[in-house]
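Written below as structure tokens is the structure these notes are about.
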Amino acid sequence: MRFSSILVPASAIALSSLAFAQAPPDYGMPISGQQAKTAAAAAVAVMRSNDWRMAVAVVDPGGNLVYFEKVDATQHASIEIAMQKAKSAAAFKRPTKVFGDGITNNPGLGTLPGVVASEGGVPIIVDGKLIGAIGCSGGTGQQDGVACTAGAAAIK
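Read the sequence shown against my numbering and you will find it ends at 233, with the numbers running on by one and no gaps.
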């Protein structure tokens, strides 16, 4: 038996074994530039009010960058990490925190292509449909999650 024939089913089982309250949303129309700026502005407001030096990226449902911003003096690594968190949240239609929480009991999650197993990537849902995602990086995982959750909540 070839290894590749084992890997795909194992990956599917790993992903499906995560506990979710409901099925992931369908994709909707891609987030607009204005909506992306609004989401980022809400995240940056949280960052600045807490003196967190972070980067924020907003992507469309396909993981393509729509808007990016960073607070001055943010570490350079956070630029790419914020973008990857947003891409992961969009691709898997769920917060990246799910993977961070699940990887201890299911290390195979870390082998799925595009998974970021760290809090700070949040899908942006409007009318029950995923229109994009937001990723934040530069603080602790929890801080990244707080800023991104505020950004996603700003879009209705």
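Glycine included, C-beta positions come from ideal geometry on N, C-alpha and C.
Owing to the predicted nature of the structure, the values given are computational and were not obtained by experimental measurement.
Contact between A229 and A116 holds: CB atoms are separated by about 6 Å, below the 8 Å threshold. Sorting V123, A122, K174 by C-alpha distance to the C-alpha of G198 places K174 at the top. In the DSSP assignment, the residues bridged to E146 are V133. Secondary structure at G218: helix, using DSSP grouped into helix, strand and coil. In this structure G105 touches L207 by the C-beta definition: roughly 6 Å separates them, less than 8 Å. Per DSSP, I202 is not a residue of any alpha helix (DSSP H); the beta strand (DSSP E) it occupies stretches across 198-203.
Less than 8 Å divides the Cβ of V135 from the Cβ of A163. Taking C-beta atoms as the reference points, A154 and G212 fail to come closer than 8 Å. Linking G205 to P107 through their CA atoms gives a straight-line distance of about 13 Å.
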